[in-house]
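Add 46 to the 1-based position in the sequence shown for this note's numbering, that's all there is to it. C-beta atoms are modelled at their ideal positions from N, C-alpha and C, and glycine is treated no differently. Remember, it's a predicted structure, so these values are computed and weren't measured experimentally. Encoded as C-alpha cells, the structure appears first; notes follow it.
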Amino acid sequence: MVAVLSDEEMVREAVRIVEAARERGVILRILGAIAIRLHSAGHEDLHTRLGRLGDMSKSFTDIDLIGYSSQYGEIRRLMERDAIIQDLTVNSSVFHGRERLLYNHPENLYHVDIFFDKLAFSHDIPFGKKGSGRLELDYPTITVTDLLLEKLQIHEINEKDIKDVIVLLKAHPVGHGDEDQVNLDYLAKLLGDDWGLWKDATDNLRKALSFAERYRDSGLLSKEDYHVIEERIAGILETLENCPKTKRWYDGAKQAEKKKKYWRDVEELYR
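Structural data, given as C-alpha cells:
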C-alpha cells in the first residue's frame, strides 16, 4: 500500500488518536517509524534524506499503536463507536484474541494496527500491565529504549528498519533511566535474560554500524553524525557484552546450539 498522506499528516493522525484516547482515560502509545520521527525532533531531515521507503518524499504507510489488554473494550469503543476516524473498518481476519486489532482507513490511506501488552514478533518485547507498565513512561510514543528494541528484535532486519535505528541513535544519547535516552540498565536486564533477543539485538547493532559507514561514504551521513552513532552503538554493545546473564540466558544459548533456531518466524504483515 502506498501512502497518499504526507509524513506530517500521518504524524498528526497518529497523535490525534492518542490524544483522543487520553481524553477518555485510555492509554495508547505510538510505535514504529512515526514514533521515531516524533521522538527525534530536529532530525526529520536525516529521516527523509535516508529515504526510508526508497522515496525521498514519504516515510510512513500506516499507524502502529499499543495499549493494555485490560482496556481492550475501551479501545474498541474508541476506534469503532466513537469513530475517531470516520468510517474506519475492522479487518476481522486479523483478530488474534486480545493480541491485535487492525483497522482500515475508508479511503485506504493507511491502516491502524493496535497491539496489546507486548510486541510478539521475532522475539517478545514486554510492556507490562496498566498502572505499573512501560507505556506510562512516555507520551505520545513508547520510550526511546522500547523503540530501539522494537527494531533490534527483528531477526531478518531490513534496510528501512536499519535506517530507523540510525536516526534514533543519532537523536538520543545512551545513559541510565528512560528520560529521553536509551536506557542501558533496562537493556541489560531484559537482554541479559533472553539469549535469542540478545543475539539478534547485538547482530543488528553491528549491521546498523555497517550501514552507517556506507551512508557516510556515500554522503548521506556526515562524518560527525557517523561518529556520534558509532560511539553510541559501541556503548550499547559494551553494556550488552558485559551485563550479567541469567541461567535462562545460558539455557537459551545451549538450546539454540542444538536447534539452530532461536527466533519466531514473522510475516511482513506483522512487522
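Give the DSSP-derived three-state secondary structure of residue i in the structure shown.
i: Ala-87; result: coil
i: Gly-221; result: strand
i: His-157; result: strand
i: Tyr-308; result: coil
i: Leu-77; result: coil
i: Asp-271; result: helix
i: Val-72; result: coil
i: Ile-171; result: strand
i: Thr-187; result: strand
i: Leu-96; result: coil
i: Asp-226; result: coil
i: Thr-285; result: helix
i: Gly-298; result: helix
i: Lys-291; result: coil
i: Tyr-316; result: With a pLDDT of 46 at Tyr-316, under the threshold of 50, the predicted position of this residue should be treated as unreliable, though the coordinate-derived value follows. If DSSP states are grouped into helix, strand and coil, Tyr-316 belongs with the helices.
Run the CB neighbour count on residue i, radius 10 Å, all protein chains shown included, and call it buried at 16 or more, exposed below.
i: Trp-280; result: According to the sequence as given, residue 280 is Ala; it is not Trp. It is exposed - the Cβ of Ala-280 has fewer than 16 other Cβ atoms within 10 Å.
i: Gln-117; result: buried
i: Thr-292; result: exposed
i: Ser-264; result: exposed
i: Glu-59; result: buried
i: Arg-68; result: exposed
i: Tyr-308; result: buried
i: Lys-304; result: exposed
i: His-273; result: exposed
i: Ala-87; result: exposed
i: Arg-83; result: buried
i: Asn-229; result: buried
i: Asn-204; result: exposed
i: Asp-207; result: buried
i: His-332; result: The chain is shown only over 47 to 317; residue 332 falls outside these bounds and no answer can be derived.
i: Val-64; result: buried
i: Lys-175; result: exposed
i: Glu-196; result: buried
The alpha helix (DSSP H) with residue i in it runs from where to where?
i: Arg-262; result: 241-264
i: Ile-121; result: 118-122
i: Ile-63; result: 53-69
i: Leu-230; result: 230-237
Since residue i is in the beta strand (DSSP E), which residue starts that stretch and which ends it?
i: Lys-164; result: 164-166
i: Gly-113; result: 109-113
i: Asn-204; result: Looking at the DSSP string, Asn-204 is not in any beta strand (DSSP E), and its letter there is neither H nor E.
i: Leu-148; result: 146-150
I'd like to know whether the C-beta atoms of residue i and residue j end up nearer to each other than 8 Å.
i: Glu-120; j: Val-61; result: no
i: Ser-105; j: Arg-98; result: yes
i: Leu-165; j: Leu-111; result: no
i: Asp-163; j: Thr-189; result: no
i: Pro-186; j: Ile-275; result: no
i: Thr-285; j: Ala-234; result: yes
i: Ala-254; j: Ile-212; result: yes
i: Asn-250; j: Leu-198; result: yes
i: His-157; j: Asp-226; result: no
i: Leu-124; j: Ala-66; result: yes
i: Gly-298; j: Gly-242; result: yes
i: Asp-239; j: Trp-295; result: yes
i: Asp-210; j: Ala-79; result: yes
Q.
Three or more C-beta pairs under 8 Å: does that hold for the segment 199-218 against the segment 172-180?
A. Flag = no, the segment 199-218 and the segment 172-180 do not touch.
Q. Is there contact between the segment 49-56 and the segment 163-173, where contact requires at least three CB pairs shorter than 8 Å?
A. no
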